Each structure stands twice: as C-alpha cells, then as structure tokens.
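Here's the structure, in structure tokens; my notes come after.
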Amino acid sequence: MSTEPIACQHILDIKELKITKEYVCEECIQSGSTWLHLRTCQTCGVTLCCDSSPNKHATKHFHRTGHPVVISAEPGEQWFWCYTDSSFAEY
Numbered sequence: 011m012s013t014e015p016i017a018c019q020h021i022l023d024i025k026e027l028k029i030t031k032e033y034v035c036e037e038c039i040q041s042g043s044t045w046l047h048l049r050t051c052q053t054c055g056v057t058l059c060c061d062s063s064p065n066k067h068a069t070k071h072f073h074r075t076g077h078p079v080v081i082s083a084e085p086g087e088q089w090f091w092c093y094t095d096s097s098f099a100e101y
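In my numbering, the protein residues as written are 11 to 101.
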C-alpha cells in the first residue's frame, strides 16, 4: 500500500503547464511592492506572490477568481498546490 498523497482532481485535470515568462509578481510590480516567492495560476497563467510575501497575491487571486491550482514559479521547484482541496503534488 502506498503512502504517497494522491493529487486531487483539479491537479489531475491539468494536461499542460502554464509557465511564467517573467520572474515577477504582476500585481507587486504595479503597486511597487516586493515579493518572496512566486506561483503561476494554471487556469489563466498569471504569476503572483506566495503567502510568505507581504501581499499574498496568489491566494487573493484564488479567492477573487476561484482558479484552484498554482505551480511554483521558483527555479528548480516542480510542484502543484490546489487551494480548493489543500492538495499538493510534485511533477
């Protein structure tokens, strides 16, 4: 029996990754703020800052839009996070 967590259906439904073109939080750039780490929405492709950043734009984007899954935009990290199901999976 495996003890690996099973990805939620939102993550399983992703067939092609949306990858950031620029390593910036689009909303922080507009407001002149700073960020710590970046996440890319797998519904619309926007890249925003994580919950360790002052403005938590990625989570705010989820609450505003309902887009459930982000991936890490950090170099070398390859994982999904689903806000709806609190589900994590590596790829």
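Heads up, the beta-carbon is just placed ideally off N, CA and C, and yes, glycines get one too. Fair warning: this is a prediction, and the values are worked out from it, not measured in the lab.
Continuous beta strand (DSSP E) stretch holding residue i: start and end
i, result
"Ser43", "Run containing Ser43: none; DSSP gives neither H nor E here."
"Cys92", "89–92"
"Cys59", "57–59"
Three-state secondary structure (DSSP) of residue i
i, result
"Ile24", "coil"
"Ala68", "helix"
"Thr50", "strand"
"Cys35", "coil"
Bridge-paired residues (DSSP) for residue i
i, result
"Ala99", "Phe90"
"Val79", "Cys92"
Other residues of its chain near residue i: CB distance less than 8 Å, five sequence neighbours each side excluded
i, result
"Asp61", "Ala68, Thr69"
"Arg49", "Thr57, Leu58, Cys59, Cys60, Ala68, Val80, Ile81, Ser82, Ala83, Trp91"
Contact set for residue i: own chain, Cβ-Cβ below 6 Å, skip 5 residues either direction
i, result
"Trp91", "Val80, Phe98"
"Ile24", "Gln52"
Residue i, buried or exposed, once every other Cβ within 10 Å from all chains shown has been counted against 16
i, result
"Ser63", "buried"
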